[in-house]
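Participant: Counting with the working numbering, you get residues 1 to 225 for the letters of the sequence shown. My structure is below; once you've seen it, I'll send some questions.
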Amino acid sequence: MRLYADRPTRRARQMAGDLALLLWVVLWVLVARTVHGAVLVLAEPGRAVAGLGRSLSGAMDSAAGAAEDVPVVGDELSGPFAAIGRAGGSVTGAGHASSEAVHTLAALLAVTLVVLPVGWLLARRLPARLHWVREAGAADRLLGTGAVEPADLELLAARAMATAPLPELARLPVGTGARWRSGDPAAVRALAGLELRRLGLDPGPDLDLDLDLDLDPIRAGQSTE
């Protein structure tokens with residue numbers, strides 16, 4: 001699969017675009033990591049509250065256990081300590097919930113900061129990039145590795161007539177279109193070379209755009225007057 005053009009200018013633009021895309025992804029990943037870390041700082045109070053709740057609950061449970069050992073009034077003395085211990089457990093749960101909410105928020109923000117800008121650029125660049133890869137791959141398959149079949153050149157020439165910008169077509173010798181319709185090999189090669197150059201591919205010496213077609217104005221459908 002071909003990823004880059006043969007012609008230096010087109011290849012340089014493609015590589016620069018791919019590098020810019022990579023740098024864009026890296027930039028937003030770094031931004032997301034920074035934001036993720038900054039938001040996680042907000043989880044510290046929740047963890048501190050959870051730790052305080054655990055300490056309070058543990059201390060009150062110990063005090064309740066000690067109070068139960070007091071003769072006669074042990075049960076009455078342990079009741080308040082046990083209630084405070086249960087309250088400490090509630091505080092621990094609230095601290096955990098707060099910390100988990102902050103972690104969830106940090107993760108969502110990080111994912112959003114990567115997906116939105118990277119997805120926006122991919123949506124703008126990737127379709128055109130994949131379209132070029134498919135077209136260049138199809139052109140490579142038509143050209144093959146050996147002698148190019150005339151029918152394959154005809155396909156490339158027809159593609160050039162349909163899609164090439166008018167200024168590029170105007171650079172061809174006068175009457176090229178008429179000679180192509182009549183099946184003239186030189187005109188077919190010139191148009192096929194034009195299509196390959198449009199894709200940024202090297203047409204090779206056999207498909208030189210500057211061919212002198214030596215057009216006969218009558219055969220080319222041109223008036224001699």
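We put the beta carbon where it would ideally sit given N, CA and C, even for glycine. Computed from a predicted structure; not experimentally measured.
(1) Could you tell me the distance, in whole angstroms, from the CA atom of M1 to the CA atom of R13?
(2) Can you tell me where the alpha helix (DSSP H) with P185 in it begins and where it stops?
(3) Using a Cβ-Cβ cut-off of 8 Å (strictly less than) and excluding sequence neighbours within five positions of G137, which residues of its own chain qualify?
(4) Out of V26, V39 and A139, which has the shortest C-alpha to C-alpha gap to E100?
(5) Rounded to whole angstroms, what's the CA-CA distance from R179 to L143? Just pull it up for me.
(6) To the nearest angstrom, report how far apart A157 and A123 are at their CA atoms.
(7) Report all residues from its chain with a CB closer than 6 Å to the CB of D6; omit the five preceding and five following residues, and keep chain order.
(8) Relative to the C-alpha of V118, which candidate in V188, M161, Y4 and V25 has its C-alpha closest?
(9) By Cβ distance below 7 Å, which residues in the same chain neighbour L21 in space, the five residues on each side in sequence not counted?
(10) How many whole angstroms separate the CB atoms of A190 and L172, which I take to be in contact at a CB cut-off of 8 Å?
(11) Report the CB separation of V102 from L42 in whole angstroms; it is logged as a contact under 8 Å.
(12) Would DSSP call S98 helix, strand or coil?
(13) Near Q222, what residues of its chain come up, given a Cβ to Cβ distance below 6 Å and the 5 sequence neighbours on each side ignored?
(14) What residues in its chain sit with their C-beta under 8 Å from that of R11, if we drop five residues either side in the sequence?
(15) For the alpha helix (DSSP H) containing L166, name the first residue and the last one.
(16) So A160 packs on A192, CB below 8 Å; how close in whole Å?
(17) Is DSSP giving A12 helix, strand or coil here?
(18) Please name the residue, chosen from A107, L194, L27 and L130, that lies closest to A164 on a Cα-to-Cα basis.
(19) I'd like to check one pair, L113 with V35: are the Cβ atoms closer than 8 Å?
(20) Rounding to the nearest angstrom, what Cα-Cα distance links L153 and L169 in this structure?
(21) Which residues bound the alpha helix (DSSP H) around M161?
Facilitator: Looking at the atomic coordinates:
(1) Start at 1 with the first residue of the sequence shown, and residue 1 comes out as number 1. Start at 1 with the first residue of the sequence shown, and residue 13 comes out as number 13. Going by the C-alpha atoms only, they are around 18 Å apart.
(2) In the sequence shown, counting from the first residue as 1, residue 185 sits at position 185. Taken as a continuous stretch (DSSP letters only), the alpha helix (DSSP H) holding P185 covers P185 to R198.
(3) Along the sequence shown, read from residue 1 onward, the residue named residue 137 stands at position 137. Within the same chain, G137 has close Cβ partners M1 and R2.
(4) Residue 100 sits at position 100 when you count from the first residue of the sequence shown. The shortest C-alpha separation from E100 is found at V39.
(5) By one-based count along the sequence shown, residue 179 stands at place 179. By one-based count along the sequence shown, residue 143 stands at place 143. C-alpha separation (whole angstroms): 22 Å.
(6) Locating residue 157 in the sequence shown gives position 157, where the first residue counts as 1. Locating residue 123 in the sequence shown gives position 123, where the first residue counts as 1. Cα to Cα, the separation comes out at about 31 Å.
(7) Numbered from 1 along the sequence shown, position 6 holds the residue referred to as residue 6. The residues are L201 and D202.
(8) Along the sequence shown, read from residue 1 onward, the residue named residue 118 stands at position 118. The residue with the shortest Cα to Cα distance from V118 is V25.
(9) Translated into the one-based positions of the sequence shown, residue 21 becomes position 21. Answer for L21: L121 and R125, listed in chain order.
(10) The sequence position of residue 190 within the sequence shown is 190, counting from 1. The sequence position of residue 172 within the sequence shown is 172, counting from 1. Contact flag correct, Cβ pair sits at about 6 Å.
(11) Residue 102 sits at position 102 when you count from the first residue of the sequence shown. Residue 42 sits at position 42 when you count from the first residue of the sequence shown. Yes, V102 and L42 are in contact; Cβ-Cβ is about 5 Å, under 8 Å.
(12) Residue 98 sits at position 98 when you count from the first residue of the sequence shown. The answer is helix: DSSP assigns S98 an H, G or I state.
(13) Here the question's residue 222 lines up with position 222 in the sequence shown. Model confidence at Q222 stands at a pLDDT of 39, short of 50, so the residue's coordinates are unreliable and nothing is read from them.
(14) Here the question's residue 11 lines up with position 11 in the sequence shown. Closer than 8 Å at the Cβ level, and outside the excluded window around R11, lie Y4, A5 and G200.
(15) On the sequence shown, residue 166 is found 166 positions in, with the first residue counted as 1. Residues L166 to A170.
(16) On the sequence shown, position 160 is the one that residue 160 refers to. On the sequence shown, position 192 is the one that residue 192 refers to. Their Cβ separation, rounded to whole angstroms, is 7 Å, which keeps A160 and A192 in contact under 8 Å.
(17) Counted from its first residue, the sequence shown places residue 12 at position 12. Looking at A12 - three-state DSSP - the assignment turns out to be helix.
(18) As a working note, residue 164 is residue 164 in the sequence shown. Answer by Cα proximity: L194.
(19) As a working mapping, residue 35 is identified with position 35 in the sequence shown. As a working mapping, residue 113 is identified with position 113 in the sequence shown. Contact flag set, yes.
(20) As a first step, residue 153 is located in the sequence shown; it is residue number 153 there, counting from the start. As a first step, residue 169 is located in the sequence shown; it is residue number 169 there, counting from the start. Rounded to whole angstroms, L153 to L169 spans 17 Å at the Cα level.
(21) The residue labelled residue 161 in the question sits at position 161 within the sequence shown. Looking at the DSSP string, the run of the alpha helix (DSSP H) that includes M161 is P150 to T163.
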